[in-house]
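K.L.:
Counting from 147, one number per residue, gives the positions in the sequence shown under our numbering.
Beta carbons are placed, not taken as given, at the ideal position from N, Cα and C, and that holds for glycine.
Model, not experiment: these values are computed from the prediction.
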Amino acid sequence: MAGPSEADWAAAVAAVRDLPEDPEVLLICHVNPDGDALGSMLGFGLGLRRLGIRRLQATFPGPPEVPEPLRGLPGAELLVPADRVYPAPDLMICFDAASESRLGELLGRLDTAGTSVVLDHHASNTRFGAVHVVDPAAAATSVVAEELLDRLGVPLDAAIAECFYVALATDTGSFRFAATTPAVHLMAARLLATGIDPGVISRRIFDTRPFGAVRLYGDVLGRARLEPASAAGLGLVWTYATLDDLTRHDQRPYVLEPLIDSVRCAAEADVSCVVKQIAPGEWAVSMRSKGRVDVSRVAVALGGGGHRFAAGFTGRGTADEVVDRIREQLDGAVISDDSEGCRPSGRA
Ligand code: AMP
Ligand code: MN
Ligand code: MN
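#1: Have a look at histidine 267 and leucine 184 and give me their C-alpha separation to the nearest angstrom.
#2: Looking at the structure shown, is cysteine 488 part of a helix, part of a strand, or coil, going by DSSP?
#3: Taking all protein chains shown into account, decide if histidine 278 is buried (16 or more other Cβ within 10 angstroms of its Cβ) or exposed.
#4: In the DSSP assignment, find the unbroken beta strand (DSSP E) run with valine 417 in it and report its ends.
#5: Taking the alpha helix (DSSP H) that leucine 314 belongs to, which residues open and close that run?
#6: For the beta strand (DSSP E) containing isoleucine 239, name the first residue and the last one.
#7: Rounding to the nearest angstrom, what Cα-Cα distance links aspartate 416 and leucine 252 in this structure?
#8: Return the first residue and the last residue of the beta strand (DSSP E) that glutamine 203 is part of.
#9: Could you check if glutamate 170 is buried or exposed, using at least 16 other CB atoms within 10 Å of its CB as the buried criterion?
#10: Classify cysteine 175: buried if its beta carbon has 16 or more other beta carbons within 10 angstroms, exposed otherwise.
#11: Would you mind working out which of Asp483, Val366, Arg361 sits nearest valine 409, comparing C-alpha positions?
#12: Please identify the residue among Glu414, Gly189, Leu219 whose C-alpha is closest to the C-alpha of arginine 350.
#13: CB-CB under 8 Å to arginine 371, same chain, minus the five flanking residues each way: which ones, in chain order?
#14: As a quick exercise: from Val421, Gly381, Ala378, pick the residue whose alpha carbon is nearest that of proline 399.
#15: Looking at valine 264: is its Cβ nearer than 8 Å to the Cβ of arginine 273?
#16: Taking 7 Å as the line, does the beta carbon of alanine 243 fall inside it for any heavy atom of ligand 3?
#17: Taking just the CA atoms, how far does glutamate 223 sit from proline 215?
#18: Please report the straight-line C-alpha distance between threonine 258 and proline 233, rounded to a whole angstrom.
#19: Spell out the partners DSSP gives leucine 382 in its beta bridges.
#20: So does aspartate 281 have its beta carbon nearer than 7 Å to some heavy atom of ligand 3?
#21: Counting beta carbon pairs with one atom in the stretch 453 to 473 and one in the stretch 421 to 432, are three or more of them shorter than 8 Å?
#22: Enumerate in chain order the residues of its own chain whose CB-to-CB distance from alanine 228 is below 8 Å, with the five nearest sequence positions on each side excluded.
#23: Using beta carbons (cut-off 8 Å, strictly below), is proline 220 in contact with chain B?
#24: With distances taken between CB atoms, is the gap from serine 262 to valine 446 smaller than 8 Å?
#25: With which residues is glutamate 292 paired in a DSSP beta bridge?
#26: Please confirm whether any heavy atom of ligand 3 lies closer than 7 Å to the CB of threonine 287.
#27: Based on Cα-Cα distance, which residue from Leu380, Gly364, Gly358, Ala378 lies nearest to threonine 393?
#28: Specify the secondary structure class of methionine 333 as computed by DSSP and reduced to three states.
#29: Between Gly345, Ile406, Gly299, which has its C-alpha nearest valine 312's C-alpha?
#30: Answer yes or no: the CB of aspartate 407 versus the heavy atoms of ligand 3, is any distance below 7 Å?
#31: Would you mind stating whether alanine 381 and proline 374 have Cβ atoms separated by less than 8 Å?
#32: Tell me whether the beta-carbon of methionine 187 lies closer than 8 Å to the beta-carbon of leucine 173.
#33: In this structure, does DSSP put phenylalanine 321 in helix, strand or coil?
#34: Who are aspartate 266's beta bridge partners in DSSP?
#35: Take the Cβ of glycine 149 as the centre, count every other Cβ of all protein chains shown within 10 Å, and call the residue buried at 16 or more, exposed below.
#36: Contact check, alanine 377 vs valine 439 under 8 Å by CB: the rounded distance?
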C-alpha cells in the first residue's frame, strides 16, 4: 500500500482546522494499548490542546487499565473510560488501529461522529474511517502524528515529545529493528532536543517490572518448545502463559508483553510465538518472524492482523489448539526468495 498522498494530509489538516466553535474531539487507540497506541494518541491530544481545543477526550476499548509503566505519560489526564466518552463527537481520530475490530465497543462512534480520521502505519489497514493518513513505511503511528501536528503548526514541546518518544522507541524495539531508518533517528533527535531524558524514560517504560514478573518469566520461558520441522522446516519456537500464571505471581497481563523478545532469540527457529490467556478459552497471540515467514498472513487468516514480521490475533480453545491452527497456516506463509522487500522489520 502506498503512503499518504498530499490530499490525505490536506484532508486531515482540514478535519481539525474546519471544526465548529468549541468542538468535542474524541481520540481512540486500539484495544490493549501499547506504547505507540497511547503515546501517539496522548502526544497528539496535547498538541490539540495547544490549538485551544478544550473538550477533548482520549480512550480505548476493553478494560480501562493502562499498563503501569505507561501511566505516567504526559497527557494521561485526557484519558476517559470507554463507557463515558462523547456519544457524538464532532471529530474522532483513531491511532494505531489497523481495523475497526481493534476499536471494540467504540466502533459505533464511526457512525455518530461528525467525521473521522485514521492515523496508522499498518500495511493491513482496512481504511475504515472518512479520512486516512496511513503510512506503512512509518516505523510508528507517532511518526504520522508528529507530521500532522507539524502541518497544523503545533511546535513540539517536552510533554508531546515524551509521548512520541515512547511510541517510537516501543515500535522500533528501542531503535533495533530494521524500521529504524535515518528518518527515525532524525525524529528521535527532534524529540530529544526538547530536553527529555531518554535514559529515565526507557528505564521506566522498558526496564522496570515487579519482582513477581521476573519469577513469572522463569515459569513461562521454562516451558518454551522448539519445533524445527514447523514452518516448512524453518522452525517454530513458542510458549504460553495462563491466567493462573498471572495469579500465582500476582501480576497484571502487561508484564507478559516483553516475553516474545526473549522467545524470538532462539536461533533455531524463524517463527516465534507467545500465547497469552486473556479469559477462559481466549488467548492473545503474539507472533514474530526473522524474515522468511510473513506472520501477518497467518494472523489475518486467523482473524487478526499486523505487519509482515510482527503480527497477532485472538485465538480460542486451548493453547495447544491455538498453536495447532498456527502450525497449519505457517507452511503457506513462507516468503518465496524472489518476493519483494524480504527484510525483517520486527516492528510492532
Ligand atoms: P504484539 O505481538 O501484540 O506486539 O502485536 C504485534 C502486531 O500485531 C501489532 O502491530 C498489532 O497491530 C498486531 N496485532 C496484534 N494482535 C492483533 C489482533 N488481535 N488483531 C489485529 N492485529 C493484531
Ligand atoms: Mn500498537
Ligand atoms: Mn504501532
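P.N.:
So, from the data block:
#1: What you label residue 267 is simply residue 121 of the sequence shown in a count that begins at 1. What you label residue 184 is simply residue 38 of the sequence shown in a count that begins at 1. Each residue's alpha carbon lies about 14 Å from the other.
#2: Position 342 of the sequence shown, counted from the start, is the residue given in the question as residue 488. Any answer about cysteine 488 is weak, because its pLDDT of 40 lies below 50 and its placement is not dependable; what the coordinates show is given next. In the structure shown, cysteine 488 sits in coil (DSSP, three-state: anything other than H, G, I, E or B).
#3: Counting from one through the sequence shown, the residue named residue 278 turns up at place 132. By the neighbour-count criterion, in which a residue is buried when 16 or more other Cβ atoms sit within 10 angstroms of its Cβ, histidine 278 is buried.
#4: Stepping through the sequence shown from its first residue, residue 417 is reached at position 271. Counting along the chain, the beta strand (DSSP E) containing valine 417 begins and ends at 417 to 425.
#5: Walking along the sequence shown from the start, residue 314 turns up at place 168. Under the DSSP assignment, leucine 314 falls in the alpha helix (DSSP H) whose first and last residues are 304 to 317.
#6: For the purposes of this step, residue 239 is taken as residue 93 along the sequence shown, with counting starting at 1. 237 to 241 is the span of the beta strand (DSSP E), which, as asked, contains isoleucine 239.
#7: Residue mapping note: residue 416 aligns to position 270 of the sequence shown, counting from 1. Residue mapping note: residue 252 aligns to position 106 of the sequence shown, counting from 1. Their Cα atoms are separated by approximately 36 Å.
#8: Residue 203 sits at position 57 when you count from the first residue of the sequence shown. Boundaries of the beta strand (DSSP E) harbouring glutamine 203: 201 to 205, taken from the DSSP string.
#9: Numbered from 1 along the sequence shown, position 24 holds the residue referred to as residue 170. By the 16-neighbour rule on beta-carbons within 10 angstroms, glutamate 170 is buried.
#10: Along the sequence shown, read from residue 1 onward, the residue named residue 175 stands at position 29. Under this definition cysteine 175 is a buried residue.
#11: Along the sequence shown, one-based indexing puts residue 409 at 263. Out of Asp483, Val366, Arg361, Val366 has the C-alpha closest to the C-alpha of valine 409.
#12: Taking the sequence shown and counting its residues from 1, the one referred to as residue 350 is at position 204. Checking every option, the nearest Cα to that of arginine 350 belongs to Leu219.
#13: Looking up residue 371 in the sequence shown gives position 225. Within the same chain, arginine 371 has close Cβ partners Val383, Trp384, Thr385.
#14: Residue mapping note: residue 399 aligns to position 253 of the sequence shown, counting from 1. Among Val421, Gly381, Ala378, the Cα nearest to that of proline 399 is on Val421.
#15: The sequence position of residue 264 within the sequence shown is 118, counting from 1. The sequence position of residue 273 within the sequence shown is 127, counting from 1. With respect to the 8 Å criterion, valine 264 and arginine 273 are classified as neighbours on the basis of their beta carbons.
#16: Start at 1 with the first residue of the sequence shown, and residue 243 comes out as number 97. Every heavy atom of ligand 3 is 7 Å or more from the Cβ of alanine 243, so no.
#17: What you label residue 215 is simply residue 69 of the sequence shown in a count that begins at 1. What you label residue 223 is simply residue 77 of the sequence shown in a count that begins at 1. Spanning the two alpha carbons is a distance of roughly 15 Å.
#18: Looking up residue 258 in the sequence shown gives position 112. Looking up residue 233 in the sequence shown gives position 87. Approximately 7 Å, taken between the alpha carbons.
#19: As a first step, residue 382 must be located in the sequence shown, where it is residue number 236. Note: leucine 382 sits in a beta bridge opposite Glu373, Val417.
#20: Here residue 281 corresponds to residue number 135 of the sequence shown, with the count starting at 1. No, the Cβ of aspartate 281 stays beyond 7 Å of every heavy atom of ligand 3.
#21: Judged by Cβ distances under 8 Å, the stretch 421 to 432 makes contact with the stretch 453 to 473, as three or more pairs qualify.
#22: Sequence index remark: in the sequence shown, residue 228 carries index 82 (1-based). Sequence-distant Cβ neighbours of alanine 228 in its own chain, meaning closer than 8 Å and more than five residues away, are Thr205, Phe206, Pro207, Gly208, Pro210, Gly250, Glu251, Leu252.
#23: No chain B is part of this structure, which consists of one protein chain only.
#24: The residue given as residue 262 occupies position 116 in the sequence shown. The residue given as residue 446 occupies position 300 in the sequence shown. At least 8 Å separates the beta-carbon of serine 262 from that of valine 446.
#25: Here residue 292 refers to the residue found at position 146 when the sequence shown is read from its first residue. DSSP lists no partner for glutamate 292.
#26: To locate residue 287, count along the sequence shown from 1; it is residue 141. Threonine 287: yes, Cβ under 7 Å from ligand 3.
#27: For this step, residue 393 is matched to residue 247 along the sequence shown. Looking at the Cα atoms, Gly358 is the closest of the given residues.
#28: Translated into the one-based positions of the sequence shown, residue 333 becomes position 187. Here methionine 333 sits in helix by DSSP.
#29: Numbered from 1 along the sequence shown, position 166 holds the residue referred to as residue 312. Closest option to valine 312, Cα to Cα, is Gly345.
#30: In the sequence shown, residue 407 corresponds to position 261, counting from 1. Within 7 Å of the C-beta of aspartate 407 there is not a single heavy atom belonging to ligand 3.
#31: Along the sequence shown, read from residue 1 onward, the residue named residue 381 stands at position 235. Along the sequence shown, read from residue 1 onward, the residue named residue 374 stands at position 228. Per the sequence presented here, residue 381 reads as glycine, with alanine not at that position. It is a contact, given that the beta carbons lie within the stated cut-off.
#32: Looking up residue 187 in the sequence shown gives position 41. Looking up residue 173 in the sequence shown gives position 27. Yes; because the gap between Cβ atoms is below 8 Å, this pair is in contact.
#33: Reading the sequence shown from its first residue, position 175 is the one you call residue 321. In this structure, phenylalanine 321 counts as coil in the three-state DSSP scheme.
#34: Within the sequence shown, numbered from 1, the residue matching residue 266 stands at position 120. Its beta-bridge partners are Val280.
#35: Here residue 149 refers to the residue found at position 3 when the sequence shown is read from its first residue. Counting Cβ neighbours within 10 Å, glycine 149 comes out exposed, since fewer than 16 surround it.
#36: Looking up residue 377 in the sequence shown gives position 231. Looking up residue 439 in the sequence shown gives position 293. The distance from the Cβ of alanine 377 to that of valine 439 is about 5 Å, consistent with a contact at the 8 Å cut-off.
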